[in-house]
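Trainee:
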Amino acid sequence: MTGILAKGENYFEDASYPITARHVLTGSSSEPSHEHDLTEVQHAHDFNELVLITGGTALHWLNGSEFPIVAGDIFLLQGQQDHYFHKRDRLEMINIMYDPQQIELPESRLLKMPGYCALFLLEPVFRKQHRFSSRLHLARLALSRAERIALEMVDEVDRRLDGYESALLGKLIDLMVFLSRSYQESKSTNSAALLRVGSVISSMEQDCARDWKLEDFIEMSRQSRSHFIRTFAKATSLSPFEYLIQLRLQRAMGLLRNSRLTISQIAFEVGFNDSNYFARQFRKRKGASPLAYRKSFGSSS
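Written as structure tokens, this is what we have:
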């Protein structure tokens, strides 16, 4: 990163609840619209920014590459990605800014949608390689619906009535679901490729206990073995089976905290055929045995 770091403290109304929305308009002189408007300045964020282009055109510079953007383009900018917009022509956009580590997104449920996996997990990673061709582009009718939800978020931020934080989160989830469903209907070749890998991830999320084989994932992705493994690792930084183990352990942690099932029952419930192997994997990754983890939450069942 060589640009300015845009810090969330300058954008979020409540630092303890980092989610906000801004409507950015391009005036005739392209002057900054507020003190921390970095639209035409190279910068990165320490938060995520979901961008909806609702009017006009521009060039988007991202990590050394440039892409033309037009009304209907939707994309996610993750932290530490240098970018800026220039050659703006009546550009109008809505920026939804949030810190996914600090707001309570139902991530495990969202990941069950192939479109969410593709748009919010895979597309940002493959954007440069795909030359922006795997972005989501909405036709006017769909864009108007997404724009309505986003503008409702802007209104909540501006008015700050009681409960606006909860309203913002609810509308963000609503928007994410709508965009994910829209991505699943995308027709581009690169989008379809990401959706197939997204289907693998969502299938794992929906049924992590299934006796998955690598061949199952390869068949779903419709890619060669080597290409699928590379694509999956680039997107998640994990191999398919390491991802699956992490997912199973995450589900096991919930059962250890909230159920009275035995350790062996939990192991089988989340997909481990050997409770000793489950215990070893749990200790290796979590630094404690399943029983010790359970006891730390006040249960010895």
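Each residue of the sequence shown is one higher than the one before, starting from 1106 at the first, in my numbering.
Note that CB positions come from ideal geometry on N, CA and C, so glycine has one too.
1. Select from 1340, 1151 and 1398 the residue whose C-alpha is nearest the C-alpha of residue 1231.
2. Starting from residue 1161, trace the beta strand (DSSP E) in both directions and tell me its first and last residue.
3. Here's the rule I'm using: 16 or more other beta-carbon atoms within 10 Å means buried, otherwise exposed. How should residue 1220 be labelled?
4. Using a Cβ-Cβ cut-off of 7 Å (strictly less than) and excluding sequence neighbours within five positions of residue 1286, which residues of its own chain qualify?
5. What are the complete alpha helix (DSSP H) segments, minimum 4 residues, inside the region 1348 to 1380?
6. Report all residues from its chain with a CB closer than 8 Å to the CB of residue 1118; omit the five preceding and five following residues, and keep chain order.
7. Is residue 1386 close to chain D? Criterion is C-beta to C-beta, closer than 7 Å.
8. Go ahead and label residue 1318 buried or exposed: buried means 16 or more other beta carbons lie within 10 angstroms of its beta carbon, across all protein chains shown.
9. Hey, could you find the ends of the alpha helix (DSSP H) residue 1260 is sitting in?
10. For residue 1349 versus residue 1309, is the C-beta spacing smaller than 7 Å?
11. Determine the DSSP secondary structure at residue 1341, reduced to helix, strand or coil.
12. Let me check understanding here. Comparing Cα to Cα, which of 1233, 1182, 1335 and 1223 lies closest to residue 1153?
13. Spatial neighbours of residue 1259 within its chain, please: CB distance less than 6 Å, with the 5 preceding and 5 following residues excluded, ordered by chain position.
Mentor: Based on what the coordinates show:
1. 1340
2. Following the DSSP letters along the chain, one finds residue 1161 inside the beta strand (DSSP E) bounded by residues 1153 to 1167.
3. buried
4. 1220
5. 1368 to 1374
6. 1125, 1262 and 1265
7. Looking at the structure shown, chain D is missing, and only one protein chain is on hand.
8. exposed
9. Residues 1245 to 1264.
10. Contact: yes.
11. Three-state result, residue 1341: helix.
12. 1182
13. 1126 and 1128
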